[in-house]
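First to last, the protein sequences are chains A and B. First residue of the first sequence? That's 1 in the numbering used here, and the numbers climb one at a time after it. First residue of the second sequence? That's 1001 in the numbering used here, and the numbers climb one at a time after it. First up is the structure itself, then whatever we jot down about it.
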Amino acid sequence: MPVFRVFLSIVILGGVLRLGVAGEPNARELVAPGTALLVEVNRPTQLIDNPLARDVWGLISETNGVKQALSSPEVDRFRQAARFVEKSLGVDWRTGIDRLTSGGIVVAIGPKRPDSEPVVTAIVTASDEQILKQFIDAVQAEIRRAANPPGAPADKPGESAPERKSPETASTEYRSFACQRVGNGHFSVVGRRLIVSNAKSGLEAALDRLAGAATDKPFDPPQSLRMVDGAGKPPAILATVNLKFIRSEPNAQAALTLPANDPLPVLFLGGYVDLVRRADFAAAGLFVDGPAHELKIRFPVGTEGAYQGLRGYFASETTEAAPPLLRPPGTIFTAGWFRDYKKLWDARSELLNSELVAKLDADNAKAQSEGPKIGVADVVQIVGPHFRVVAAQQQESVYKIKVEERLPAFALVVSVRDEGAFRQRIAPAIDSLLWLGLASSNLGEVKPVEYRGAKINAVRFTEKPEFANSDKSTLYNFDPAYTLTRGQLIVGSTSEIVRHLIDELERQPAPPSAGMPERATEHQELSLAGLGELLKVYQSRLTRAAVLHQGLSPAEADQEIDSLYQVLKRLGDLTSRNLISADHFEIDVRLGPAAEKP
Amino acid sequence: MNPVQETLDHLQPDAAWQPFVPDSSNPWNDVKVAHLYRRSGFGTNWATIATGVQSTPAALVERIVSGAGPEETGDFEAEVARLREGVVKGNNALEAKALWLYRMLYSPHPLRERLTLFWHNHFATSNAKVRSLRLIQQQNETLRRHALGRFDALLAEMTIDPAMLIWLDSDTNKKNAPNENYAREVMELFSLGVGHYTEKDIQEAARALTGWKVVDDRATFDPAQFDDSDKTVFGQTGRWTSGDVVRQCLSQRACAQFLVRKLFRELVSETAVPSDALLEPLAAGFRARNYDIAWLVGTMLRSNAFFSAAAIRQKVKSPCDFLLGMVLALEGRPSLTQLAQFCDQLGQSLLYPPSVKGWDGGPAWINSSTLLKRQNLAFELTRGSGQSLRIDPARLPAEYGVVGAEKTAEFFLRLFHQEVAAGALMSIVSQIEAERAAGAAAFYGDLRGQGDLSSASARSAAHLALTLPEYQLG
């Protein structure tokens, strides 16, 4: 199926949609309402030709992994396809692909069918009719040539060469449009537009709409999912999924049922489960703005009509929100989220089936009557709805034994509603467990220290010389510590990060209240440059792996790691944020140069 | 009689070990150069063979025995030390094997690695029992340090090597409960061979070897556990220690003969069995030079015997020879952990020899299962995808200016076999032509605009040349 392969290559590469030709319907208007997934490649040149892509390509093109990938048969086939485009259009492949697809590409994927592949229909709009015709003519000539190559041996002298096995082809007409079939592929060229499908019905459905003969409306998601950037431009790629088809899947139906039979999806995905239950569509748009790439995901439903039991899952415009991000020195990753587990606990009979609720209640009652006498109900009552995690490079160690590969320190910061209850009921239990564990293993001791008015309980491991030159030295990456201060419980892998977080809490404002612009249910930030610094920490391990596992020379391995480090530095930060409002839910993920930090 | 044996038997002891001097009837050619590189290392590439043919046997052997200069060696050892530290700390056996393969492939002194492998098989110690990559690596370094040094020093160090102490239970050999394991093996396998000692010698030597144990990864002598009384070994009585036992073994006449015979099998031929008389000049010289291994090895590699028909292709390639030979010839850089796994699959798990006797070697390397695996691995390494991506047989013909089906087939036959048998050539050419015809109608066929072979055909040619039965012989 070489022709289809070429088309597929084009579809993957994408094109630019230009709504220009008078009287020509928008390609998405040719898409049937029963489409499960619609992908619109609006501004593809941005995908392969933007400052970040150029920069990164410059750094990685000489690395072993990329060189290997470039020498693979798959890439070789792509290269051949690109050469074919160049040969048939007489321009370089980038220009050729751009001209062939400059009006954009729309790919519609139908719902799953029980006994065959889903119908996939692609509509490719070229810059003009002539260039498309030139290309299609070349493809057809190639098909003919492949079917009967020049110089193919004849069976007997004087006879013509035997027919070689080639894809079956046929020409037909539908509603006065010329249609072609090549193997299982069906296509029609209408003006500057190529419509191609893996099913006759797919092609005909698009042609029906083109001829104005369709009786139903086209694929029609809510207008709020037609995303644009600040300048009013559509995203480079927009994918719209029809959730009704997902909901109709038996497995999905089970997962979306509330009250649920499984507590874990409710605990970890509860709010998202509710969104999928209520929204008919969701969309994701990729925007490219200079070196920054932003993915925006939208659901056209919000707090209005939300499942009663899941209030408390998302921070909304009318509730508290996620706490501000903490950025101690050397931060690699920082996240904050809002989740009111007390509300979820209180609504447990709406969220879980009665059997699960009865079991939870029994377990809670048992925990409240045994040992430290703390049940889930007590914990969610004491602990607040604000959570933060941080990973940061360690600055200094409390140990004399130096660890060659120093792991990042990490910490969890949780708001506490009732500090008194925490100190009275939970802290003694934690301390007892720590003392008991350390005493029985003879591994170390707990050292309480004061810092800015907070009492930090830190575990200091005993330094054993025999651990120094073995993998056990990893232990000296940790001096776990916790403290309760300023309404927050801080638990860290090192006492240093706990101290740094106290400094951060000192200088940060309280969690934003309703209406503040930076409000979010969850937000996080990964410093790729910080991640790059970690590569340096693990340089010797990575070099060894590259030499022994990939067969690189040590010099090549070092160069590869350096390239990766440079790439990570250029990529900047990966940030994400989500927020629910009355009528929609949004997730924004951004990769780009680090923004100014507060 | 076996013609190879006949050839060997015809060699006069005096002439056999004289340096080989080529003449018109017995010229210096690629067959002999490739043979030298296979036995003194693990093989080499086309360019090195071609350069070797331009040299002389004496000069080439001299270069191989002396290895690279101190600067190059120093750089390489620094790289290895950097890798070794992590491997030992991580206690990763697969990486430890891969690191040794790295040395075998890229060492500036391949003969030293070849002999390190030989001594690893001679003093076969398995990490399966030692269970410490640190100690096994330490032993490996000792073998390497003495690989071309003096055997008396090597034997003395191995006797109190921590891994060896654990492997042969010397760390439990105490005054009141002597353990005879090491005493038996030092005579039977390490220095004399069966028939050159008595049970009494073993019992007495075991007592002399008491008192050693491993503390903090070091061999430590504990006088309290040493049997300080008189012992009689090889008819001599005294308050012998472990050092004395080593000295007494080395003083036996059988010792040099035993080692020379074993090295003959490693470096010269395992098909023909040499007579004592043939080996005696070497044994006498070895003894006279205080067990100087470099002299013995150099003498063997330079000799008429080494370049005779009794030696060339008279060994079955070990898994290391087979795999590394392919990699070196094809100038690739594959995953070394993958190669280590391939070695394991073919029966040569480095650092884990099957017993104190080491690997049997010779025809034992080949059976129906390992032969099939060898063919499959040859395919794996030449197919140009997956782990073998960094081995590209298709690149070589172009680099050496070889064009066309017949020339490509000839190139790979010469590269791997240094001979071009007409039948083999025809078979490979017809296979290439068939593949080429099948590919001619491919959609992208003429877009390449090249008259040379497609990379798939070149890979096929390399693979077919490697699957000829002769390639199993080194």
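Built from N, CA and C at the ideal position, the CB exists for glycine as well.
In its chain, beyond the 5 residues on either side, I382, V383, G384, F422, L484, G487, Q488 and L489 have a beta carbon closer than 7 Å to the beta carbon of V416(A). Judged by DSSP secondary structure, K359(A) falls outside any beta strand (DSSP E) and instead within the alpha helix (DSSP H) spanning S354 to S369. In the DSSP annotation of this structure, the continuous segment of the alpha helix (DSSP H) that includes P1397(B) starts and ends at R1395 to E1399.
Under DSSP, no beta-bridge partner is assigned to K133(A).
Annotated three-state conformation of W337(A) is strand, per DSSP. Think of a sphere of 7 Å around the beta carbon of H549(A): the chain B residues whose beta carbon falls inside it are S1335 and T1337, in chain order.
Segment contact: the region 362–375 of chain A against the region 543–561 of chain A, fewer than three CB-CB distances shorter than 8 Å; contact not assigned. When only Cα atoms are considered, M1164(B) and S1170(B) end up about 8 Å apart. If you draw a 10 Å sphere on the C-beta of E142(A), you find 16 or more other C-beta atoms in it, and that means buried.
Beta bridge pairing from DSSP links S527(A) with D573(A).
CA-to-CA, the gap between T1220(B) and P1363(B) works out to about 41 Å. Residues of the same chain with a CB within less than 8 Å of the CB of T1299(B), apart from the 5 flanking positions on each side, are W1017, L1282 and G1285 in chain order. One finds nothing in chain A with a Cβ atom closer than 8 Å to the Cβ of V1130(B); even the nearest lies about 16 Å away. Taking every protein chain shown into account, the CB of E496(A) has 16 or more other CB atoms within 10 angstroms, so this residue is buried. Against chain A, a Cβ distance below 8 Å from A1098(B) picks out L548 and H549.
If you draw a 10 Å sphere on the C-beta of P329(A), you find fewer than 16 other C-beta atoms in it, and that means exposed. Below the 8 Å Cβ cutoff, chain A contributes N469, S470 and D471 as neighbours of K1089(B), in chain order.
Counting other Cβ atoms within 10 Å of its Cβ, G58(A) stays below 16 and is therefore classed as exposed.
Assignment of F1379(B) by DSSP, reduced to helix, strand and coil, places it in the helix class. For L552(A), the C-beta contacts it makes with chain B under 8 Å involve R1333, in order along the chain. In this structure the region 568–575 of chain A does not touch the region 1223–1241 of chain B; the number of beta carbon pairs closer than 8 Å is below three. For S540(A), the neighbours in chain B by C-beta distance under 9 Å run, in chain order, R1082, L1083, E1085 and G1086.
Annotated as distal: V379(A) and L501(A), with beta-carbon spacing of 8 Å or more. Pairing K1097(B) with L1351(B), the inter-Cα distance amounts to about 7 Å. For Y1102(B), the chain A residues whose C-beta falls within less than 8 Å of its own C-beta are V547 and L548, listed in chain order. Within chain B, no C-beta atom comes less than 8 Å from the C-beta of R406(A); the nearest is roughly 15 Å away. Around the Cβ of F268(A), a 10 Å sphere holds fewer than 16 other Cβ atoms; the residue is exposed. For Y272(A), the enclosing alpha helix (DSSP H) stretches over residues P263 to R278. The three-state secondary structure of W1212(B), taken from DSSP, is strand. Here DSSP, grouped into helix, strand and coil, assigns H293(A) to strand. The beta-carbon distance between V1429(B) and A1405(B), rounded to whole angstroms, is 5 Å. This is short enough to meet the 8 Å contact definition. By the Cβ criterion, the region 277–293 of chain A is in contact with the region 213–232 of chain A, since at least three pairs of Cβ atoms, one from each stretch, lie closer than 8 Å.
Chain-order list of chain A residues neighbouring E1071(B): empty, with the shortest C-beta distance near 16 Å, by a criterion of under 9 Å. In the structure shown, the three-state DSSP call for R1265(B) is helix. Three or more Cβ pairs closer than 8 Å define a contact, and the region 199–210 of chain A meets that threshold against the region 176–187 of chain A. By the Cβ test, the region 1054–1062 of chain B is in contact with the region 1017–1035 of chain B, since at least three Cβ pairs between them sit closer than 8 Å.
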